[in-house]
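This report refers to the structure that appears directly beneath it.
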Amino acid sequence: MPAYETSVRFSVLGPVRAWRGEQELDLGSPQQRVVLAALLLSRGRPLALGELIRAVWGEEPPTAAVSVLRTYVSRLRKILEPGRNQGEPPRLLVSVGDGYLLRIQEDALDLAVFERRVAEARKRQTEGELSAAAELLHTALGAWQGPALAGLPGPLAESECSWLDEQRFAALETRLDIDVSLGRHDTVVPELLSLVHRHPLRERLSGLLMLALYRSGRQAEALAAYQGARDALVAELGVEPGTPLQDLHDRILAADPTLLPAPPPAPDRHSKPATDIPGGQDSPTATAHPAGPRALHPGHHQALQPTDPQADHQADPQADHQAIHPADPHADPQAIHPADPHADHRPAVRPAQLPADLPTFTGRQAELALLRALLPPDGSPPATLVISAIGGMGGIGKSALAVHWAHEVADRFPDGQLHINLRGFDPSGSVMTPDEAVRIFLDALGVPPMRIPAGVDAQVALYRSMLARRRMLILLDNARDTEQVRPLLPGSRGSLVVVTSRNRLAGLVAGEGAQPLTLDQMTPTEAFELLAARLGAARLAEEPWAAGEIIARCGRLPLALAIVAAHAGSRPGFPLSVIAEEVRNSHGSLDAFSGGDGISTDVRAVFSWSYKALSDPAARMFRLLGQHSGPDISAPAVAALAGLPPREARGVLGELTRAHLVTEHFPGRYALHDLLRVYAAERARAEETAEERDEAVGRLLAWYLHTADAAYPHITPNRRRIPLEPLPAGCRPLEFTTREDAVEWCERERANLVGAVHQAAGSGRRPGIAWRLPAVLWGFFYLRSHSHDWLDTTTTGLAAARAAGDRTGEAQGLADRSAALRDSGRLEEAITPLRQAMTIFRELGHTEGRASTVANLGDAYLLSGHLRKAVEYTRRGLVIARATGNAWSEGIALTNLGDAYQRLGRFDEAVACLQQALTLLRMHDNRWVEGVALDILGTVYRRLHRYDDAAEYYHQALKTHRDIGNRWGEGHTLGNLGDAQLGADEPEAARSSWMEALAIFSDCDHADAEKIRERLDRLD
1 MPAYETSVRF SVLGPVRAWR GEQELDLGSP QQRVVLAALL LSRGRPLALG
51 ELIRAVWGEE PPTAAVSVLR TYVSRLRKIL EPGRNQGEPP RLLVSVGDGY
101 LLRIQEDALD LAVFERRVAE ARKRQTEGEL SAAAELLHTA LGAWQGPALA
151 GLPGPLAESE CSWLDEQRFA ALETRLDIDV SLGRHDTVVP ELLSLVHRHP
201 LRERLSGLLM LALYRSGRQA EALAAYQGAR DALVAELGVE PGTPLQDLHD
251 RILAADPTLL PAPPPAPDRH SKPATDIPGG QDSPTATAHP AGPRALHPGH
301 HQALQPTDPQ ADHQADPQAD HQAIHPADPH ADPQAIHPAD PHADHRPAVR
351 PAQLPADLPT FTGRQAELAL LRALLPPDGS PPATLVISAI GGMGGIGKSA
401 LAVHWAHEVA DRFPDGQLHI NLRGFDPSGS VMTPDEAVRI FLDALGVPPM
451 RIPAGVDAQV ALYRSMLARR RMLILLDNAR DTEQVRPLLP GSRGSLVVVT
501 SRNRLAGLVA GEGAQPLTLD QMTPTEAFEL LAARLGAARL AEEPWAAGEI
551 IARCGRLPLA LAIVAAHAGS RPGFPLSVIA EEVRNSHGSL DAFSGGDGIS
601 TDVRAVFSWS YKALSDPAAR MFRLLGQHSG PDISAPAVAA LAGLPPREAR
651 GVLGELTRAH LVTEHFPGRY ALHDLLRVYA AERARAEETA EERDEAVGRL
701 LAWYLHTADA AYPHITPNRR RIPLEPLPAG CRPLEFTTRE DAVEWCERER
751 ANLVGAVHQA AGSGRRPGIA WRLPAVLWGF FYLRSHSHDW LDTTTTGLAA
801 ARAAGDRTGE AQGLADRSAA LRDSGRLEEA ITPLRQAMTI FRELGHTEGR
851 ASTVANLGDA YLLSGHLRKA VEYTRRGLVI ARATGNAWSE GIALTNLGDA
901 YQRLGRFDEA VACLQQALTL LRMHDNRWVE GVALDILGTV YRRLHRYDDA
951 AEYYHQALKT HRDIGNRWGE GHTLGNLGDA QLGADEPEAA RSSWMEALAI
1001 FSDCDHADAE KIRERLDRLD
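Residue 246 in my numbering sits at position 246 of the sequence shown, and the numbers go up by one each step.
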């Protein structure tokens, strides 16, 4: 540094303090001290206004940040130069461009004195002058007055404290090493015991303690110290001690005489006293950036000196769910940030979700009149919220009436229609929860999954906010009770809600003012009209008595009449009397259907009559469909369930559709009415053996698992695959050629996949599917932000594995549940499952699993802002990846470690890691992480104010992001590029980059859009 002011001295090795002569100065508020600390640590380099703002407030400064910061600078000038005349320019804290520079002599900063003493000590140590080296280190360490930057708030303190404390610890270890070498082992044992107790994972300290104890004649205690270090490493990290510590243990055990102290060295005749070092006596404490690992902290303008990140100790296990976090410390764990290539880009939509109206709908004129009276007669939308609760037994036609009327009045609600089947009486028991329904509606309203809050109350609030000032028609079909419906009601007027349920929703009527309408059987005339609409009035007129018997036998129930009409319609040459006789000869009753409603309807007879008319393959398929637990099923899944080739399965499904026993509600997707599913399950229990039913369910669940596994490499390429059990015969999983197809399939089948996990767990026979299915779906759950489903399935799969005593499944389930917890923002809760998983993987000898878990621990600590622990665990993961030859995980670990180092401001180490990472990532074609690593490199050089280099790396990152369609990563890097361009005094280029970033983030409704707008506002 140039020789400027000599009368003021500064300290950062402890609280930030300053003196003029012997008088300590009052430096003001903690935030004002942060400004001073940032300028001191810049070491003679000007800091731009934006850098100082980030040092004090981080990435989200207050609106008045600029004016507040200038006030801090003004106050500091008065404190540092109280005698400066008005109008006289400052001599210490000077303005440079839009920022500031602190002009002081290097010796005026205790950090610089500390660094110089340490550097000189290491030089003396290399030259064999151990006594002088020890004296220098004792003096250097004695200058510390507590933790560096003690008491300072904000990001600067967080990043700088970790680095400064590490330098202190490195100097302390060197000093202890020299003391032991000088024969002072008895003296240092108490200090080493205390340090090892506080830092049990630092193997160098443990080795020094073992050696000091052994040289003090305490061999047994030295061996016990090794055992304590090993226990700590195994318990905390699941790894054995490193080779040096193991070798030392073996030598102590063998009483190796070469470990004993050498004769005292001769005095260092030519050693200069430590006090000869400039600044050695005057600085109250000392701190600076050593020329070693941290040589490229801002202010140092020498070439980068890459260091070996493995020069530290070991690494942590996690290969499966590693994540890269380039710049956002709050990014979602478990994936590669800042580049989520799968972020939704859906614009807000006007939903139109009503099912198709029945072309043959007839009757219900009295009920329609009551419904029409709920709305204004002039055709305008309602002035209040209108709720209609349509009740009645199953099969009575509630849904058909609700859909028909909804289509009739849909044009009164210009903001769209929402529809959902709440599955209130689903035979499988999979009733839809209100939070699941709200999330589905928010998705339909165009809210990206990443913007959907975690809590149910927050979701409902967002849903109602989205509906405010909108006129919507909402059809809630098949509700179970009022509590299921209430969260789905809009909070504002002007919309129409239609609810259907088999229960009388008295709470909805009393509490929400719903208008009840209970359906009964159709009148004989209406039933006749229904048959006429499907079979033709002429055919009924030829045999009116037969038509009357059919109507009576069906109890004037629309579902039963539709089934009989479908059967009769497929046999146009049969007289209706023959059809009536077939119905008459059927017998029995569907007990679960009557439900005490007092309707004597032989529904089972109607179903059985239609069922008996099926071909054998169709009847078998119908029976097996009753074993499926999901809301609907695709044709390929049906083929797996029945064990048939897909083409043959589609033909059989056509027969069932024509018989109205299944409904093709969307091309290629089929559903059964609840009552028909009950009947199908009854027939399966009666006609299929338990083994046949179990085999069918096994084929279906295996089909879901293996098809999800086929999607896995497209969503998360080159990740470790989960070993699967062999496919059963007759099961043909789908294959995918693009990521888009894989993601679309997972989204379409999401409810069935979640249901499959529960069905596999509930049966108690397939715990392997219950824990493996969430494991292969983690990438999909993450990229689409389906946190609730992720947590639900991993919790269920983990319980199934534990119940079965499957230790491998339990370990994988714990790791997956931790990933889901991190994705949900529950970071502290995510730690314990990882530690439990690490213990099990260690017991199983599962090295890759241990590596994966340790790396995930590093990720969790990085997300939590515990950067030192993040570095420690990521280093250990790196060592394990290298030891196992897992170059893929090694590249990711190096990228993560580089990110942690750049956040700590350890730029030369960051670059060394990232350059090594790029070599591996490119070697193994990991383009996703390559883009992330390039972006972090750009950030390193931007923070060093090497803007041309930063821009070059950002442009490379952009090309990589664009090549793989990583829109989120593209937006993130464009934002960083704009920062670099602004730093290079290219405001228009910065504006252009930020406008591109804003377009991307706005397109996917990402929260970072607001940050980009703030940058543009400041530019203006």
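We put the beta carbon where it would ideally sit given N, CA and C, even for glycine. From a predicted model like this one, the values you see are computed outputs, not experimental measurements.
| Query | Result |
| --- | --- |
| With 16 other Cβ atoms within 10 Å as the buried cut-off, status of residue 1025 | The first residue shown for the chain is 1 and the last is 1020, placing residue 1025 beyond what the model contains. |
| Straight-line gap, residue 15 to residue 228 (C-alpha atoms, nearest Å) | 35 Å |
| Cut-off 8 Å between Cβ atoms - residues of its own chain near residue 395, not counting five sequence neighbours on either side | 557, 558, 559, 560, 593, 603, 673, 675 |
| Three or more C-beta pairs below 8 Å linking the region 413 to 421 and the region 477 to 493 | yes |
| Stretch-stretch touch, CB-based, cutoff 8 Å, three pairs: the region 904 to 917 with the region 161 to 174 | yes |
| At least three beta-carbon pairs within less than 8 Å, the region 681 to 688 to the region 747 to 760 | no |
| Whole runs of the alpha helix (DSSP H) within the region 842 to 871, excluding any shorter than 4 residues | 847 to 864 |
| Beta-carbon proximity list for residue 65, same chain, < 7 Å, skipping 5 on both sides | 53, 57 |
| Three-pair Cβ contact test at 8 Å for the region 116 to 130 versus the region 68 to 87 | no |
| Residue 698 and residue 723 closer than 7 Å at C-beta | no |
| For residue 445 and residue 911, the rounded distance between their alpha carbons | 44 Å |
| Distance, residue 38 Cα to residue 867 Cα | 19 Å |
| Those runs of the beta strand (DSSP E) which lie wholly inside the region 458 to 526 and span at least 3 residues | 473 to 479, 496 to 501, 515 to 518 |
| Boundaries of the beta strand (DSSP E) in which residue 417 is found, first to last residue | 417 to 421 |
| Own chain, CB closer than 7 Å to residue 950, minus 5 neighbours either side, in chain order | 938, 941, 942, 980 |
| Pairwise C-alpha distance: residue 114 and residue 80 | 23 Å |
| Extent of the continuous beta strand (DSSP E) run through residue 93 | 93 to 96 |
| Beta-ladder partner(s) of residue 1076, from DSSP | Not covered by the structure: residue 1076. The range shown for the chain is 1 to 1020. |
| Beta-carbon spacing of residue 544, residue 484 below 7 Å | no |
| Proximity of residue 374 and residue 386 at Cβ, strictly below 7 Å | yes |
| Residue 970 to residue 932 span [Cα, whole Å] | 10 Å |
| Terminal residues of the alpha helix (DSSP H) in which residue 763 lies | 750 to 763 |
| Residue 222 vs residue 252 beta-carbon contact at 7 Å | yes |
| Given 8 Å, three or more beta-carbon pairs between the region 176 to 192 and the region 201 to 216 | yes |
| Sufficient close CB pairs (3 or more, under 8 Å) joining the region 609 to 624 to the region 564 to 575 | yes |
| Beta-carbon proximity of residue 739 to residue 714, cut-off 7 Å | yes |
| Runs of beta strand (DSSP E) wholly within the region 776 to 823 (minimum 3 residues, chain order) | none |
| DSSP-derived helix/strand/coil call for residue 716 | coil |
| Residue 921 classed as buried or exposed, judged by whether at least 16 other C-beta atoms fall within 10 angstroms | buried |
| Backbone CA spacing between residue 660 and residue 498 [nearest angstrom] | 25 Å |
| Backbone CA spacing between residue 416 and residue 495 [nearest angstrom] | 10 Å |
| Limits of the alpha helix (DSSP H) - the one that residue 366 falls within | 365 to 372 |
| Neighbour-count burial assignment, residue 465, 16 or more Cβ in a 10 Å radius | exposed |
| Own chain partners of residue 535 with C-beta closer than 7 Å, once the 5 adjacent residues on each side are dropped | 565, 568, 569 |
| Same chain, Cβ closer than 8 Å to residue 28, five either side skipped, listed in chain order | 72, 75, 76, 79 |
| The beta strand (DSSP E) enclosing residue 99, as first and last residue numbers | 99 to 102 |
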